[in-house]
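Okay, structure first, notes after.
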Amino acid sequence: MNSLSDSANPVEDGPSSESASPTAPATTPGLDAPTWPAEFAERYRAAGHWRGETFGQLLRERAAAHPDRIALVDPAPRRRTWTYRELDERADRLASGFAARGLGRGDRVVLHLPNVGEFVEVVFALFRIGALPVFALPAHREAEIRHFCAFTEAAAYVTCDRHTGWDHREPASRVQRDTPTLRHVFVVGEPGTHTALAQVAEAAPGSVPATCPSAGPEPHELAFLQLSGGTTGTPKLIPRTHDDYLYSLHGSNEICGVDEHTRYLVALPAAHNFPMSSPGWLGTLAAGGRVVLCPRPDPATAFPLVAREGVTMTGLVPPLALLWTEAAAGTPEDLRSLELVLVGGAKYSEEAARRLEPALGCRLMQVFGMAEGLVNYTRLDDDTETVVTTQGRPISPDDEIRIVDDADREVPEGASGHLLTRGPYTIRGYWRAARHNARSFTPDGFYRTGDLVRRTPGGHLVVEGRAKDQINRGGEKIAPEEVENILLAHPAVHDVSVVAVPDAYLGERSLAYVVPRADGGPLKPADLKRFVRERGVAAYKVPDVVEFVTAFPQTGVGKVSKTKLRSAAATAPQH
Ligand code: OOB
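With the first letter of the sequence shown counted as 1, position 518 gets the number 518 in this note's numbering; the numbers rise by one all the way through.
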């Protein structure tokens with residue numbers, strides 16, 4: 001029994017639920033999601049936003065233009081580098097190996113790798129053959145991987161042997177056993193019973209179908225599936241096309257001043273949209289710059305890399321920005337190559353933002369983005385006040401912004417309201433999720449971000465809060481409903497409600513209010529935390545605090561009031 005959720009039935013929509021109706025938004029065959037209506041697509045092409053380019057072509061062109069320039073550095077455990085030519089060739093060799101194993105256009109491939117060079121190789125190899133990477137995060141565990149593989153009907157799963165003490169090979173075997181479509185498991189490192197990725201690339205680059213441009217994916221087609229932060233029981237998948245994502249890269253590069261001299265440190269997980277495209281490692285490669293992978297984002301790991309590799313730019317979530325700011329004063333490392341640090345993913349406090357530039361001796365840029373599309377940046381020529389007090393303005397003149405009240409009416413200029421957006425790189429619907437799309441998008445195609453914002457007279461957005469039921473734990477997004485569903489499966493739990501509590505370092509932590517069953521026997525917070533962990537989900541989803549209550553506060557209509565629970569959580573001295 002879960003009476004806690006305000007949302008409708010979270011049951012997944014199936015592949016067949018995107019059936020066309022006269023009022024349904026435009027869809028592209030094989031896309032499995034609503035897409036931009038023809039008049040919008042034409043407008044974005046005419047404006048030069050959509051250039052008719054694919055990722056496979058992009059790397060090929062960069063490799064032709066400057067073959068010997070270093071594209072990628074993986075410093076650990078021993079320093080490896082790839083020139084643009086080597087990366088291009090490597091992508092071809094892997095692509096032909098994947099193709100020889102029957103992978104091809106439209107096949108979903110769940111990618112679950114930390115920040116290693118193979119991640120970049122595999123992404124470009126999949127782009128080449130038109131297979132679609134599904135970007136899992138390194139923190140994800142068996143439960144999430146199982147869901148991604150099943151829901152996307154994945155043909156392959158790419159992971160590594162061990163990472164941060166976890167062996168991924170046995171869970172991979174179990175997932176494969178239970179997922180009929182999953183024909184291949186490729187492993188970076190020791191493969192166990194699976195196929196070594198190194199062996200796939202051994203195939204000589206034969207006639208890869210995708211090296212012939214006419215056989216490769218079209219620019220308006222899907223390039224990959226990103227994960228949404230999510231507010232529902234399971235994360236939704238975000239279908240991004242070559243055209244739309246490349247536009248966000250080029251726009252980001254222009255705003256951030258990315259060029260061939262840029263050396264971008266991938267401190268956050270490479271699979272996340274922020275370090276991937278804002279401007280991130282893909283933006284850096286698109287500009288002919290150098291990508292430096294960072295195995296862990298802590299100052300002790302990252303600072304020596306900044307110094308040794310001459311890093312000029314990176315992107316951090318606010319808690320990390322705070323750590324870097326505090327560690328800078330005492331470090332023996334030379335950080336003078338750093339020119340720009342982007343901070344986003346969660347609200348960055350003004351007080352912390354003011355300290356970054358003096359501490360690190362570089363510029364700060366705030367970024368307020370979402371994997372669904374819209375990305376806002378403060379600008380390099382903004383004054384300090386704007387940079388530390390706002391979350392920036394959109395990339396594109398064609399990003400449409402509406403700030404509305406609960407009834408979707410525009411609020412007066414400068415007032416706070418719900419942010420709705422539509423534009424050349426914001427999706428028109430999630431992948432295979434028709435029912436959810438009806439809630440998350442307006443009939444005229446605006447995405448309901450769930451964020452509460454106001455606009456300054458200068459046109460910058462300030463994030464004021466959130467209307468969606470989500471916890472933003474230092475940039476890691478938790479859907480309370482997902483954790484509630486897990487806890488409800490515990491035999492001694494009668495009811496549960498998971499909410500955010502303010503936290504000085506992370507911004508927010510998670511708190512599970514639990515009503516135990518009368519006959520459930522003794523129950524301790526640690527039991528429930530362990531129960532969540534043992535369900536095989538990412539560690540950041542385990543509630544930080546568990547508190548037992550006898551009942552939940554109700555709304556006027558008798559539903560559980562999360563608003564009242566949140567304010568109780570925020571004011572309780574013990575949290
Ligand atoms: C980024 O993407 P997601 O998809 O993990 O999360 C998006 C959500 C936003 O809707 C907002 O609620 C929150 O994260 N958020 C911020 C923020 N940046 C993101 N909230 C307050 N201040 C900010 N600066 O998080 C993401 C994607 C691309 C670039 C940067 C971040």
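Even for Gly, the Cβ is constructed at its ideal location relative to N, Cα and C.
beta-carbon residue i near the ligand OOB non-hydrogen atom, thresh 6 Å
i: Met-585; result: For residue 585 there is no data in the structure shown, the boundaries of the chain being 1 and 575.
i: Phe-274; result: yes
i: Gln-57; result: no
i: Ser-252; result: no
i: Ala-346; result: yes
i: Thr-386; result: no
i: Ser-278; result: yes
i: Thr-456; result: no
i: Val-122; result: no
i: Asp-382; result: no
i: Gly-229; result: yes
i: Lys-477; result: yes
i: Thr-195; result: no
Pick from the options that is closest to residue i, judged by C-alpha positions
i: Leu-94; options: His-112, Ala-125, Val-73 and Pro-114; result: Ala-125
i: Thr-83; options: Leu-285, Ala-300 and Leu-225; result: Leu-285
i: Val-496; options: Tyr-505, Ile-486 and Asp-503; result: Ile-486
i: Ala-71; options: Arg-78, Ala-154 and Arg-60; result: Arg-60
i: Phe-119; options: Phe-368, Gly-106 and Val-134; result: Val-134
i: Ala-492; options: Asp-519, Ala-500 and Glu-482; result: Asp-519
i: Met-365; options: Ala-438, Gly-330, Ala-38 and Cys-256; result: Cys-256
i: Thr-232; options: Ala-329, Ala-270 and Ile-478; result: Ile-478
i: Ala-64; options: Ala-46, Glu-86 and Arg-530; result: Glu-86
i: His-460; options: Arg-530, Val-375 and Ala-438; result: Val-375
i: Arg-69; options: Ala-504, Val-542 and Thr-262; result: Thr-262
i: Gly-458; options: Leu-528, Glu-484 and Asp-383; result: Asp-383
i: Val-292; options: Ala-271, Leu-265 and Phe-303; result: Leu-265
i: Val-175; options: His-147, Ala-38, Thr-152 and Leu-197; result: His-147
i: Tyr-430; options: Gly-229, Asp-243, Leu-380 and Lys-564; result: Gly-229
i: Leu-360; options: Val-388, Ala-327, Met-370 and Arg-90; result: Ala-327
i: Phe-151; options: Glu-42, Pro-180, Val-158 and Phe-548; result: Pro-180
i: Val-499; options: Ala-512, Tyr-157, Asp-74 and Glu-218; result: Ala-512
i: Tyr-371; options: His-112, Ala-33, Thr-449 and Val-158; result: In the sequence as presented, Tyr is not what sits at residue 371; that position holds Ala. With distances taken between Cα atoms, Ala-371 lies closest to Thr-449.
i: His-494; options: Ala-154, Gln-199 and Val-549; result: Val-549
Sub-7 Å separation of residue i and residue j beta-carbons
i: Gly-251; j: Ile-395; result: yes
i: Pro-522; j: Val-546; result: no
i: Pro-358; j: Gly-315; result: no
i: Glu-413; j: Asn-472; result: no
i: Ala-433; j: Leu-452; result: no
i: Arg-576; j: Gly-117; result: There is simply no residue 576 to check, as the chain begins at 1 and stops at 575 in what is shown.
i: Gly-373; j: Tyr-425; result: yes
i: Ser-510; j: Asp-544; result: yes
i: Glu-333; j: Gly-289; result: no
i: Leu-227; j: Pro-239; result: no
i: Val-501; j: Lys-541; result: no
i: Cys-149; j: Val-110; result: yes
i: Arg-363; j: Leu-340; result: yes
i: Lys-249; j: Leu-237; result: The question names Lys, yet the displayed sequence has Leu at residue 249. Cβ atoms of Leu-249 and Leu-237: not closer than 7 Å.
Contacting residues, own chain, Cβ-Cβ under 6 Å from residue i (five flanking each side not counted)
i: Gly-417; result: Ile-403, Val-404, Asp-405 and Val-411
i: Lys-559; result: none
i: Thr-195; result: Phe-186
i: Ala-538; result: Ala-139, His-140 and Arg-141
i: Leu-246; result: Glu-53
i: Gly-102; result: none
i: Asp-6; result: Any answer about Asp-6 is weak, because its pLDDT of 31 lies below 50 and its placement is not dependable; what the coordinates show is given next. Closer than 6 Å at Cβ, skipping near neighbours: no residue.
i: Ala-271; result: Phe-135 and Leu-137
Other residues of its chain near residue i: CB distance less than 8 Å, five sequence neighbours each side excluded
i: Ser-561; result: Phe-552, Pro-553, Gln-554 and Thr-555
i: Asp-161; result: Asp-167, His-168, Arg-169, Val-187, Val-188, Gly-189, Glu-190, Pro-191 and Gly-192
i: Thr-571; result: none
i: Phe-446; result: Glu-400, Arg-402, Leu-420, Thr-421 and Arg-422
i: Val-343; result: Gly-315, Leu-316, Val-317, Pro-318, Ala-321, Ala-353, Leu-356, Leu-364, Met-365, Gln-366 and Val-367
Residue-level contact to chain D via CB, residue i, 7 Å cutoff
i: Ala-407; result: Considering every chain present, this structure includes no chain D. It has just one protein chain.
Cutoff 7 Å; reference residue i; Cβ partners in own chain excluding five residues on either side
i: His-163; result: Pro-114 and Pro-138
i: Ser-567; result: none
i: Ala-210; result: Any answer about Ala-210 is weak, because its pLDDT of 44 lies below 50 and its placement is not dependable; what the coordinates show is given next. The residues are Gly-56, Ala-95, Arg-128, Ile-129, Gly-130 and Gly-216.
i: Ala-346; result: Val-317, Pro-318, Asn-472, Gly-474, Gly-475 and Gly-507
i: Val-463; result: Lys-347, Phe-368, Gln-391, Asp-451 and Val-453
i: Val-557; result: none
i: Asp-88; result: Leu-59, Arg-60 and Ala-63
i: Thr-386; result: Thr-378, Gly-458 and His-460
i: Thr-456; result: Thr-390 and Val-462
i: Thr-563; result: none
message: Would you call the segment 272-281 in contact with the segment 300-308, where contact means no fewer than 3 C-beta pairs closer than 8 Å?
response: no
message: Using a Cβ distance threshold of 8 Å, determine whether the segment 292-300 contacts the segment 313-330, with at least three qualifying pairs required.
response: yes
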